[in-house]
Amino acid sequence: MKNNQLYILLFGTTLTASILFILNSIRQKKKRKQDEEQKNEYLKCKSLNEFEELAKKLMKSHRFYYYDYKAGEGHTYKACRDYFDKKLRILPRVLIDVNEISLKTNIFGCLYESPIIIAPTTFHCLANIDGEIGTARGATEAQCIYTYNWMYSTKPEDEVLKTDGPKFLHIYLTTPKEILEKIVQEAEIKGYRAIVITCDHPTDRVRDNVLPLFEEASKTIDKELNQSMPMPNMNLPDIIVKQNLSTGSITWANIEWLRKLTKLPLICKGILSPIDANLAIQHGANGIIVSNHGGRQVDTAPPAIECLEDIVNVVDGRVEVFIDTGIRSGTDILKALALGARAILIGRPILYGLACGGHNGVKQVLDILKRELIYDMACCGLSSIDEINKNILYKHS
Numbered sequence: 005m006k007n008n009q010l011y012i013l014l015f016g017t018t019l020t021a022s023i024l025f026i027l028n029s030i031r032q033k034k035k036r037k038q039d040e041e042q043k044n045e046y047l048k049c050k051s052l053n054e055f056e057e058l059a060k061k062l063m064k065s066h067r068f069y070y071y072d073y074k075a076g077e078g079h080t081y082k083a084c085r086d087y088f089d090k091k092l093r094i095l096p097r098v099l100i101d102v103n104e105i106s107l108k109t110n111i112f113g114c115l116y117e118s119p120i121i122i123a124p125t126t127f128h129c130l131a132n133i134d135g136e137i138g139t140a141r142g143a144t145e146a147q148c149i150y151t152y153n154w155m156y157s158t159k160p161e162d163e164v165l166k167t168d169g170p171k172f173l174h175i176y177l178t179t180p181k182e183i184l185e186k187i188v189q190e191a192e193i194k195g196y197r198a199i200v201i202t203c204d205h206p207t208d209r210v211r212d213n214v215l216p217l218f219e220e221a222s223k224t225i226d227k228e229l230n231q232s233m234p235m236p237n238m239n240l241p242d243i244i245v246k247q248n249l250s251t252g253s254i255t256w257a258n259i260e261w262l263r264k265l266t267k268l269p270l271i272c273k274g275i276l277s278p279i280d281a282n283l284a285i286q287h288g289a290n291g292i293i294v295s296n297h298g299g300r301q302v303d304t305a306p307p308a309i310e311c312l313e314d315i316v317n318v319v320d321g322r323v324e325v326f327i328d329t330g331i332r333s334g335t336d337i338l339k340a341l342a343l344g345a346r347a348i349l350i351g352r353p354i355l356y357g358l359a360c361g362g363h364n365g366v367k368q369v370l371d372i373l374k375r376e377l378i379y380d381m382a383c384c385g386l387s388s389i390d391e392i393n394k395n396i397l398y399k400h401s
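The opening residue of the sequence shown carries number 5 in this note's numbering; numbering runs sequentially from there.
If you want it as C-alpha cells, here you go:
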C-alpha cells in the first residue's frame with residue numbers, strides 16, 4: 005500500500021514537473037519568437053515617420069524624450085515641417101530620359117556617393133549598445149558621410165575610426181581649449197574630411213530640461229542609464245552628475261583661432277542670419293550649416309529651410325551651404341537641394357533607426373532617403389544632383 009502511494013506520489017511529481025517544463029519551454033519559445041519579431045520589426049518600416057513611431061514604442065520614454073526634445077511648445081520644429089509640406093511644391097516633368105540617375109555630389113572638392121550626411125548627435129548608446137560604432141557602420145554600408153560628435157560620443161574615437169567610410173569631425177567651442185587644440189590639430193592625420201563646429205549652443209537648455217528625468221530614471225526604472233551615457237573621450241564615466249566644462253566666452257575669435265590650427269574645411273553649424281553667414285566667412289569658415297538645432301534651442305525661431313535661400317544668396321558661392329532640421333524624406337532633400345544646399349544633414353531619424361535595428365536600422369533609414377530622392381528626381385526629369393535647381397519648385401519666387 006505504502007509502495008503504491010509512493011509510486012503515485014513520484015508519478016504525480018514527475019508529471020507535474022514535466023508539465024511545468026513543457027509550459028516553460030512553450031513560454032520561452034513564444035518569447036524568443038516575440039523577441040525575434042520585435043528585433044526585425046524595423047524591416048517593415050517604409051518611411052522615417054514609421055521609424056520614429058517604432059522607436060517611441062521600443063525605447064524607454066525618458067530616452068526617447070531626450071532625442072525628441074524640442075524647446076518650448078515645439079513651434080520651431082513644427083514650422084520646419086509646415087514649410088516643407090505647405091510652402092514648397094514640386095513641379096514634375098515628363099518624357100525625359102531618366103534611365104540612369106546618380107546621387108554623386110562634390111563637397112569641398114571630393115566626390116561622395118550622395119548628398120546625405122549624418123548630423124552630429126549625442127549619446128548613441130541610449131538607442132543601442134553599439135552606440136556610435138553602430139551608427140558609423142550603418143553610414144559606411146549606406147555610403148554616406150558620418151559626422152562624429154567627439155565630446156558627447158559614448159564610444160571612444162579610436163574605436164569609431166576603425167570603421168570604414170568618410171567622416172567629418174564635430175566639435176563644441178565649449179570644450180576645454182587645450183583639448184580642443186589637440187583634437188583639431190590631429191583631425192586631418194586621423195582621416196577626417198572636415199570639421200563641423202556647433203555655433204548655436206550658448207546654454208544648457210536641453211540638459212537642464214532632461215537631466216531631472218534622467219536622475220530619477222537612473223534610480224528607478226532604468227538602472228543601466230548611467231552606463232549608456234559615458235563620455236570616454238572626455239574621460240567622464242557619465243553625464244548624470246553635471247560637469248562644468250565651460251571655457252568662458254565664445255565669440256567669432258574662436259573660429260579664427262581654429263582656422264590657424266588646421267587646413268581642413270571648417271563648417272559653422274547653426275547659422276540662420278545672413279549677417280552671421282557673412283561673419284562666418286570673414287572669420288575663416290569654408291562651409292555653413294543652416295540650422296535651428298532641430299528646434300531644441302529657441303522656440304519660434306524661423307525654419308532653417310525658410311532661411312536657406314537667403315543664406316545661399318548672401319554667400320554667393322564663396323563657401324558651401326548645407327542644411328538640417330526637419331528633413332524626413334527624399335522629397336524634403338530634393339527641395340533643399342533645389343534651394344541651393346550642397347547637401348543635407350539628418351539627425352533624429354538616424355538615432356531612431358539605430359534604436360530599432362542597430363547599424364542595419366541606420367542603413368535602412370539612409371536607404372529610404374536615397375530611394376525616395378531617386379524616385380522624385382526621376383519624376384522631375386533629373387538624372388544628376390547638379391541638375392537640381394529652383395525650376396522644379398512650383399511658383400517659388
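Beta carbons: idealized from backbone N, C-alpha and C, even for Gly.
Determine the closest residue to Gln368 out of Phe25, Leu52 and Asn28, with distance taken between C-alpha atoms. By one-based count along the sequence shown, residue 368 stands at place 364. Nearest C-alpha to Gln368: Leu52.
Report yes if the CB atom of Cys148 is closer than 8 angstroms to the CB atom of Ile122, and no otherwise. Within the sequence shown, residue 148 is the residue found at index 144, counting from 1. Within the sequence shown, residue 122 is the residue found at index 118, counting from 1. Contact: yes.
Check whether the segment 271 to 284 and the segment 297 to 316 are in contact - that is, three or more C-beta pairs closer than 8 angstroms. Three or more beta-carbon pairs drawn from the segment 271 to 284 and the segment 297 to 316 are found closer than 8 angstroms, and the two stretches are therefore classed as touching.
Secondary structure of Asn296, DSSP reduced to three states: One-based indexing of the sequence shown puts residue 296 at position 292. Asn296 carries a coil assignment under DSSP once its states are collapsed to helix, strand and coil.
Tell me, which residues are paired with Asn153 by DSSP? Taking the sequence shown and counting its residues from 1, the one referred to as residue 153 is at position 149. Bridge pairing for Asn153: His174 [DSSP].
Do you know how far the Cα of Ala140 is from the Cα of Thr167? The count along the sequence shown starts at 1 and reaches residue 167 at position 163. The count along the sequence shown starts at 1 and reaches residue 140 at position 136. Thr167 and Ala140 have their C-alpha atoms some 7 angstroms from each other.
Just verifying my parser: in three-state terms, what is the DSSP assignment at Met235? Your numbering for residue 235 matches position 231 in the sequence shown. The answer is strand: DSSP assigns Met235 an E or B state.
Once you ignore the five residues that flank Lys339 on each side, which residues in its own chain have a CB closer than 8 angstroms to its CB? If you number the sequence shown from 1, residue 339 lands on position 335. So the qualifying residues of the chain are Phe88, Leu92, Ile94, Ile309 and Leu397.
Is His363 closer than 8 angstroms to Asp134 when the C-beta atoms are compared? Position 130 of the sequence shown, counted from the start, is the residue given in the question as residue 134. Position 359 of the sequence shown, counted from the start, is the residue given in the question as residue 363. Taking 8 angstroms as the Cβ cut-off, Asp134 and His363 qualify as a contacting pair.
Whole angstroms are fine: how far does the CA of His287 sit from the CA of Pro206? In the sequence shown, the residue the question calls residue 206 occupies position 202. In the sequence shown, the residue the question calls residue 287 occupies position 283. Taking the Cα positions, Pro206 is about 19 angstroms away from His287.
Supposed close pair Leu377, Ile337 - CB separation, criterion 8 angstroms: Counted from its first residue, the sequence shown places residue 377 at position 373. Counted from its first residue, the sequence shown places residue 337 at position 333. Correct: roughly 5 angstroms between the Cβ atoms.
Output the residue ranges of the beta strand (DSSP E) runs that lie fully inside the segment 283 to 350 and measure 3 residues or longer, sorted by chain position. Runs found: 291 to 294, 324 to 327 and 347 to 350.
Taking the alpha helix (DSSP H) that Thr144 belongs to, which residues open and close that run? The residue you call residue 144 lines up with position 140 of the sequence shown. Per DSSP, Thr144 belongs to the alpha helix (DSSP H) from Gly135 to Ala146.
Mind checking whether Cys383 and Pro96 have CB atoms under 8 angstroms apart? Translated into positions along the sequence shown, residue 383 becomes position 379. Translated into positions along the sequence shown, residue 96 becomes position 92. Closer than 8 angstroms, so yes.
Exposure label - Ala257; buried when at least 16 CB within 10 Å: Locating residue 257 in the sequence shown gives position 253, counting from the first residue. By the beta-carbon neighbour count (other beta carbons within 10 angstroms, threshold 16), Ala257 is exposed.
Which of helix, strand or coil does DSSP assign to Thr109? Start at 1 with the first residue of the sequence shown, and residue 109 comes out as number 105. Of the three classes helix, strand and coil, the one that applies to Thr109 here is strand, per DSSP.
Pick from Leu358, Thr179 and Gly138: whose alpha carbon is nearest that of Leu165? Residue 165 sits at position 161 when you count from the first residue of the sequence shown. If we check each option's Cα against that of Leu165, Gly138 comes out closest.
How long is the line joining the alpha carbons of Phe55 and Leu355, rounded to whole angstroms? Translated into the one-based positions of the sequence shown, residue 55 becomes position 51. Translated into the one-based positions of the sequence shown, residue 355 becomes position 351. In a straight line, the C-alpha of Phe55 is about 10 angstroms away from that of Leu355.
Can you give me the Cβ contacts of Pro307 inside the same chain, cut-off strictly under 6 angstroms, excluding the 5 residues immediately before and after it? Sequence index remark: in the sequence shown, residue 307 carries index 303 (1-based). The beta carbon of Pro307 sits closer than 6 angstroms to those of Ala83, Cys84 and Tyr87, all from its chain and outside the five residues before and after it, given in chain order.
Tell me whether the segment 199 to 218 and the segment 291 to 300 touch, counting them as touching only if at least three CB pairs, one residue from each stretch, are closer than 8 angstroms. They touch, by the three-pair rule.
Relative to the alpha-carbon of Gly357, which residue among Thr158, Tyr156 and Gly365 has its alpha-carbon at the smallest distance? Counting from 1 along the sequence shown, the entry for residue 357 is found at position 353. For the residues Thr158, Tyr156 and Gly365, the minimum Cα distance to Gly357 belongs to Gly365.
How would you write the range of the alpha helix (DSSP H) that Cys84 sits in, first residue to last? Locating residue 84 in the sequence shown gives position 80, counting from the first residue. Its alpha helix (DSSP H) spans residues His79 to Asp86.
Using 8 angstroms for Cβ pairs, my map puts Ala191 next to Leu173. What's the rounded Cβ distance? Translated into positions along the sequence shown, residue 191 becomes position 187. Translated into positions along the sequence shown, residue 173 becomes position 169. That belief holds up - the Cβ atoms of Ala191 and Leu173 are roughly 5 angstroms apart, short of 8 angstroms.
If the criterion is Cβ atoms closer than 8 angstroms, does the pair Ser65 and Ser388 meet it? For the purposes of this step, residue 65 is taken as residue 61 along the sequence shown, with counting starting at 1. For the purposes of this step, residue 388 is taken as residue 384 along the sequence shown, with counting starting at 1. In this structure, Ser65 sits away from Ser388, with a CB-CB distance that is not shorter than 8 angstroms.
Would you kindly check if the distance between the Cβ of Leu373 and the Cβ of Ile350 is under 8 angstroms? Taking the first residue of the sequence shown as 1, we reach residue 350 at position 346. Taking the first residue of the sequence shown as 1, we reach residue 373 at position 369. Cβ distance < 8 angstroms, so Ile350 and Leu373 count as in contact.
Option in Asn44, Gly78 and Tyr70 with minimal Cα separation from Phe218: Taking the sequence shown and counting its residues from 1, one reaches residue 218 at position 214. Measuring from the Cα of Phe218, the nearest candidate turns out to be Tyr70.
For Asp404, which residues in the same chain have their Cβ closer than 8 angstroms to its Cβ, ignoring the five residues on either side in sequence? The requested residue 404 is not part of the displayed model; the chain covers only 5 to 401.
As a quick exercise: from Val214, Arg300 and Glu185, pick the residue whose alpha carbon is nearest that of Glu260. In the sequence shown, residue 260 corresponds to position 256, counting from 1. That would be Glu185, whose Cα lies nearest to the Cα of Glu260.
Need the endpoints of the beta strand (DSSP E) that Leu62 sits in, please. Translated into positions along the sequence shown, residue 62 becomes position 58. For Leu62, there is no enclosing beta strand (DSSP E); the residue is part of the alpha helix (DSSP H) that begins and ends at Leu52 to Leu62.
Residue span of the alpha helix (DSSP H) that contains Val102, given as start and end: By 1-based counting over the sequence shown, the position of residue 102 is 98. In this chain, Val102 is not harboured by any alpha helix (DSSP H), its DSSP state being neither H nor E.
Under the rule that 16 or more other beta-carbon atoms within 10 Å means buried, what is Ser22, buried or exposed? One-based indexing of the sequence shown puts residue 22 at position 18. The residue is exposed, with fewer than 16 neighbouring Cβ atoms inside 10 Å.
Suppose you measure from the CA of Lys394 to the CA of Leu341; what does that come to, to the nearest Å? Residue numbering aside, residue 394 sits at position 390 when the sequence shown is read from its first letter. Residue numbering aside, residue 341 sits at position 337 when the sequence shown is read from its first letter. Taking the straight line from one Cα to the other gives about 9 angstroms.
Pull up the DSSP beta-bridge partners for Thr202, would you. Taking the first residue of the sequence shown as 1, we reach residue 202 at position 198. Looking at the DSSP output, Thr202 sits in a beta bridge with Tyr176 and Lys273.
With the cut-off set at 8 angstroms, would you say Pro170 and Arg197 are in Cβ contact? In the sequence shown, the residue the question calls residue 170 occupies position 166. In the sequence shown, the residue the question calls residue 197 occupies position 193. Contact: yes.
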